[in-house]
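Engineer: Handing you a structure now.
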Amino acid sequence: MSFCCEVYDEALVQGNNRLYCGGRLLVGPNLKGPLWTLLLILIPTILILSIPIPWLLQNNHPSGPFFLALTLALLITNLTLLFLTSTTDPGIIPRSPTPPPDL
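What follows is the structure, given as structure tokens:
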């Protein structure tokens, strides 16, 4: 799978999709979904990073650095995949105008 930036021409894109960054980012008509998902990822992460992780680190618990690294790695992975999912072409195949022959 290649993550190379595919540039789209606005004249060729049909539907309610919007293009940003010179046609490199293709965003659907509903921006509320990714924004709510971003909030649902960030709020628990901020709570975890502000309450239990500092307690583990202050009390020299042996698992404190592990949980800090794990939380940050999962946060970076989630945000990266959310950005890629919400700004790239899903590759939906349009329906055929004629129905397929019966098998």
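Reminder that position 63 of the sequence shown reads as 417 in this note's numbering, one-by-one numbering, no gaps. We put the CB at the ideal spot given by N, CA and C, even for glycine. Fair warning: this is a prediction, and the values are worked out from it, not measured in the lab.
Please state the DSSP three-state secondary structure of residue 374.
Structural biologist: Residue 374 carries a strand assignment under DSSP once its states are collapsed to helix, strand and coil.
Engineer: Quick one: give me the first and last residue of the alpha helix (DSSP H) that residue 466 is part of.
Structural biologist: Past the boundaries of the shown model lies residue 466; the chain is included only from 355 to 457, so the question cannot be answered.
Engineer: Taking the alpha-carbon positions, what's the residue 387 to residue 365 distance?
Structural biologist: 26 angstroms
Engineer: I'd like the ranges of any alpha helix (DSSP H) spanning at least 4 consecutive residues and lying wholly in the stretch 388 to 457.
Structural biologist: 406 to 412 and 418 to 441
Engineer: With burial defined as no fewer than 16 other Cβ atoms inside 10 Å of the residue's Cβ, what is the status of residue 440: buried or exposed?
Structural biologist: Buried, by the Cβ-count rule.
Engineer: Would you mind stating whether residue 385 and residue 379 have Cβ atoms separated by less than 8 angstroms?
Structural biologist: no
Engineer: Starting from the C-beta of residue 444, find all residues in its chain whose C-beta is less than 7 angstroms away, skip the five residues before and the five after it, and write them out in chain order.
Structural biologist: Excluding sequence neighbours, residue 444 sits near nothing in its chain.
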